[in-house]
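From first to last, the protein sequence lines stand for chains S and H.
Read in order, the letters of the first sequence are residues 58 to 258 in the numbering used here.
Read in order, the letters of the second sequence are residues 58 to 258 in the numbering used here.
From the three backbone atoms N, C-alpha and C, an ideal C-beta is built for every residue, glycine too.
No experiment lies behind these values; they were computed from the predicted model shown.
Number of protein chains: 2
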Amino acid sequence: MYISSKKTSMQQSLFPHLQHLIGLTNEEFDIFLGCLQSQKLKRREVLIAEGDICRYAYFIKKGCLRYFHNVDGEEITGQFFFENGWYTDYESFLLQKPSKQNIDALEPTELILLPKSELLNLYITIPKFEKFGRIMAENAFLGLRNRTELLTQQSAEERYLRLMKERPKVIERVPQHYIASYLGIKPPSLSRIRKRIMNNT
Amino acid sequence: MYISSKKTSMQQSLFPHLQHLIGLTNEEFDIFLGCLQSQKLKRREVLIAEGDICRYAYFIKKGCLRYFHNVDGEEITGQFFFENGWYTDYESFLLQKPSKQNIDALEPTELILLPKSELLNLYITIPKFEKFGRIMAENAFLGLRNRTELLTQQSAEERYLRLMKERPKVIERVPQHYIASYLGIKPPSLSRIRKRIMNNT
DNA sequence: CGCGACGTTGATTTGCCTCAACGATTGTGG
DNA sequence: CCACAATCGTTGAGGCAAATCAACGTCGCG
Numbered sequence: 058m059y060i061s062s063k064k065t066s067m068q069q070s071l072f073p074h075l076q077h078l079i080g081l082t083n084e085e086f087d088i089f090l091g092c093l094q095s096q097k098l099k100r101r102e103v104l105i106a107e108g109d110i111c112r113y114a115y116f117i118k119k120g121c122l123r124y125f126h127n128v129d130g131e132e133i134t135g136q137f138f139f140e141n142g143w144y145t146d147y148e149s150f151l152l153q154k155p156s157k158q159n160i161d162a163l164e165p166t167e168l169i170l171l172p173k174s175e176l177l178n179l180y181i182t183i184p185k186f187e188k189f190g191r192i193m194a195e196n197a198f199l200g201l202r203n204r205t206e207l208l209t210q211q212s213a214e215e216r217y218l219r220l221m222k223e224r225p226k227v228i229e230r231v232p233q234h235y236i237a238s239y240l241g242i243k244p245p246s247l248s249r250i251r252k253r254i255m256n257n258t
Numbered sequence: 058m059y060i061s062s063k064k065t066s067m068q069q070s071l072f073p074h075l076q077h078l079i080g081l082t083n084e085e086f087d088i089f090l091g092c093l094q095s096q097k098l099k100r101r102e103v104l105i106a107e108g109d110i111c112r113y114a115y116f117i118k119k120g121c122l123r124y125f126h127n128v129d130g131e132e133i134t135g136q137f138f139f140e141n142g143w144y145t146d147y148e149s150f151l152l153q154k155p156s157k158q159n160i161d162a163l164e165p166t167e168l169i170l171l172p173k174s175e176l177l178n179l180y181i182t183i184p185k186f187e188k189f190g191r192i193m194a195e196n197a198f199l200g201l202r203n204r205t206e207l208l209t210q211q212s213a214e215e216r217y218l219r220l221m222k223e224r225p226k227v228i229e230r231v232p233q234h235y236i237a238s239y240l241g242i243k244p245p246s247l248s249r250i251r252k253r254i255m256n257n258t
């Protein structure tokens, strides 16, 4: 069986991922590959800035993204995304209107890009991709629901403990002041909370 | 053209809604109608309790639903839904696992029910419904995103002002202590905020 | 080296919570 | 029809967690 070099480089992560999701044939996967582009980001490089229109869904091959928005000149971090997951700015991507948020890379990051226009074609040529789009939306929903639930947790300390338990990757790989922002508090407060936790164990 | 009495009663709200969404033919809409059930709720009646598995997507024909979950015996209100919109407990509906939340009616409410099993059938028999499922998920996502954004707003007063501006229906129709819970504060605090706003205008 | 980014710590302020008491309104049973 | 309870919003007093403001130490990097 012929396997393109592009496919070879991607199949470690993307192919099994999609295989699992919607059970593509090799032929269908080749069509899919034809739609893709790729992009690398340096640490701190901005992928989407506020006001941009998001025209891609991104598969994170390696690295880490975060999104944030500005309120009164202050960055509010909304979420972190790690390798082997999809990310897109749903609101902008779906409605093709200017993004309210910014996305940047916290580490050197490698992305695979699926343009919206190609996705719309895939919906038609390979109807299975409707399922793909649906699952993407559902996952985005569940991720967001998780964070909202976290935010409604009472005290900042509880929120931090929960984050430690549920997503240790975030604690390990993300600078502390971003975590503070994600939890809805300021860096000095997070520092004190960490101190308190250290002492109580 | 033949129109069933059931369709007649529903088409004012549901038919145009779906027509707009995915452009069903009359034939397809009839199949869809065959899948539906209906249900009425009194004020305060519970639709889904924590631990239940949500087996339906609900179209709200009339009335108002809210969902909430319990943290340490306290109700945290998560969202309000009004007539002419869909609601389902996505996490429970998608994964068919026990719901973490409760849904009740804030007013006498009339619902149209679409069972999950029927929806899965529709995905197969009328592939257009994949689009329906996708749009439902997308809308659920956008609604949730709205609330999360609201919660990350700094002060409770700002959050309340924004809610007033963006969803006056909530202010008009929902009892104040539910609004307080939705904004992440306690009723006495909301009362004081309202007082402050009255004086400053 | 010198600068910027990041985390920590102290002193003070503040926004919201808690607890409690009190009207106003609505609903209900005698 | 009235008496009573339940629900809901308001108001006051006091407390606390996190914000603010500011200074300082450390690390990494051009």
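Can the beta-carbon of H:GLN158 be found closer than 9 angstroms to that of H:ILE105?
yes
Name the chain H residues that come within less than 8 angstroms of S:PRO184, Cβ to Cβ?
PRO184 and GLU187
By a C-beta neighbour count over all protein chains shown, 10 Å radius and 16 as the cutoff for buried, is S:ILE60 buried or exposed?
Unreliable placement is indicated for S:ILE60, whose pLDDT of 45 sits below 50; the coordinate value is still reported in the next sentence. S:ILE60 comes out exposed.
Ordered list of alpha helix (DSSP H) runs contained in the segment 201 to 250 of chain S, each at least 4 residues:
With a minimum length of 4 residues, the continuous alpha helix (DSSP H) runs that stay inside the segment 201 to 250 of chain S are 213 to 223, 225 to 230 and 233 to 240.
Provide the residue span of the alpha helix (DSSP H) that contains H:PRO73, from first to last.
71 to 79
So for H:LYS154, helix, strand or coil by DSSP?
coil
Euclidean distance between Cα positions of S:ASN141 and S:LEU199:
17 angstroms
Runs of beta strand (DSSP E) lying entirely within the segment 109 to 143 of chain S, each at least 3 residues, in chain order:
113 to 119, 121 to 128 and 131 to 139
Return no unless some Cβ of chain H is closer than 9 angstroms to the Cβ of S:VAL128.
yes
Would you call the segment 197 to 214 of chain H in contact with the segment 246 to 253 of chain H, where contact means no fewer than 3 C-beta pairs closer than 8 angstroms?
yes
If the cut is a Cβ gap below 7 angstroms, which residues of chain H does S:TYR124 touch?
Chain H residues near S:TYR124: none, gap ~11 angstroms exceeds 7 angstroms.
Could you run through the segment 202 to 213 of chain H and flag, in chain order, every residue whose CB is less than 9 angstroms away from some CB of chain S?
ARG202, ARG204, THR205, GLU206, LEU208, THR209, GLN210 and GLN211
Given a cut-off of 9 angstroms on the beta-carbon distance, is the pair S:ARG202 and H:GLY190 in contact?
no
Check whether the segment 79 to 92 of chain H touches the segment 113 to 127 of chain H, counting contact only when three or more Cβ pairs, one atom from each stretch, lie closer than 8 angstroms.
no
From the DSSP output, which residues share a beta bridge with H:THR166?
Beta-bridge analysis with DSSP links H:THR166 to H:LEU98.
Using a Cβ-Cβ cutoff of less than 7 angstroms, which residues in the same chain neighbour S:LEU208 once the five nearest sequence positions on both sides are dropped?
GLY241
Inter-stretch contact (C-beta, 8 angstroms, three-pair minimum) for the segment 173 to 188 of chain H and the segment 181 to 188 of chain S:
yes
Can you give me, in chain order, the residues of the segment 131 to 165 of chain S that have a beta carbon less than 9 angstroms from any beta carbon in chain H?
GLU131, ILE133, GLY135, TYR147, GLU148, LEU151, LEU152 and LYS157
Extent of the continuous alpha helix (DSSP H) to which H:LEU104 belongs
Counted as a single uninterrupted DSSP element, the stretch harbouring H:LEU104 is not any alpha helix (DSSP H) but the beta strand (DSSP E) occupying residues 103 to 105.
Length of the line joining the Cα atoms of S:LYS118 and S:THR166
Taking the CA atoms as reference points, S:LYS118 sits about 8 angstroms from S:THR166.
Leaving aside the five residues before and after S:MET58 along the sequence, list all residues of the same chain whose C-beta is less than 6 angstroms from its C-beta, in chain order.
Reliability of the predicted coordinates at S:MET58 is poor, the pLDDT of 45 falling under 50, and no value is obtained from them.
Closest by CA to S:LEU151, which one among H:LYS226, H:MET193 and H:TYR217?
It is H:MET193.
How about H:THR134 and H:ILE236: are their beta carbons less than 9 angstroms apart?
Going by beta carbons, H:THR134 and H:ILE236 fall inside the 9 angstroms limit.
Go through its chain and collect everything with a Cβ distance to S:TYR180's Cβ below 6 angstroms, but skip five positions before and after it.
PHE186 and GLU187
Can you tell me whether S:LEU171 is helix, strand or coil according to DSSP?
strand
S:SER62 versus H:ASN196: straight-line alpha-carbon distance, rounded
Interpretation of S:SER62 is limited by its pLDDT of 49, a score under 50 that renders its predicted location unreliable; no figure is taken from the coordinates.
Compute the Euclidean distance between the alpha carbons of S:GLU229 and S:LYS222, then round it to the nearest angstrom.
Going by the C-alpha atoms only, they are around 12 angstroms apart.
For S:SER156, count neighbouring C-beta atoms within 10 Å of its own C-beta (all shown protein chains included) and say buried if the count is 16 or more, exposed if not.
buried
Exposed or buried, S:SER95, counting other C-beta atoms within 10 Å across all chains shown (16 or more means buried)?
exposed
Against S:ALA197, what residues of chain H qualify as contacts under a CB-to-CB distance less than 7 angstroms, listed in chain order?
PHE198
What does S:ALA106 touch in chain H if you count any residue whose Cβ is under 9 angstroms from its own?
Correct list: empty, because the minimum Cβ distance to chain H is about 18 angstroms.
Between the CA atoms of H:LEU122 and H:TYR217 - distance to the nearest angstrom
20 angstroms
Residues bridged to S:ASN196 (per DSSP)
Bridge partners of S:ASN196: none, in fact.
Any C-beta of chain H sitting closer than 9 angstroms to the C-beta of S:TYR115?
no
When you compare the CB positions of H:ILE169 and H:LEU71, do they come within less than 9 angstroms of one another, or not?
yes
Helix, strand or coil: which one does DSSP assign to H:ILE160?
strand
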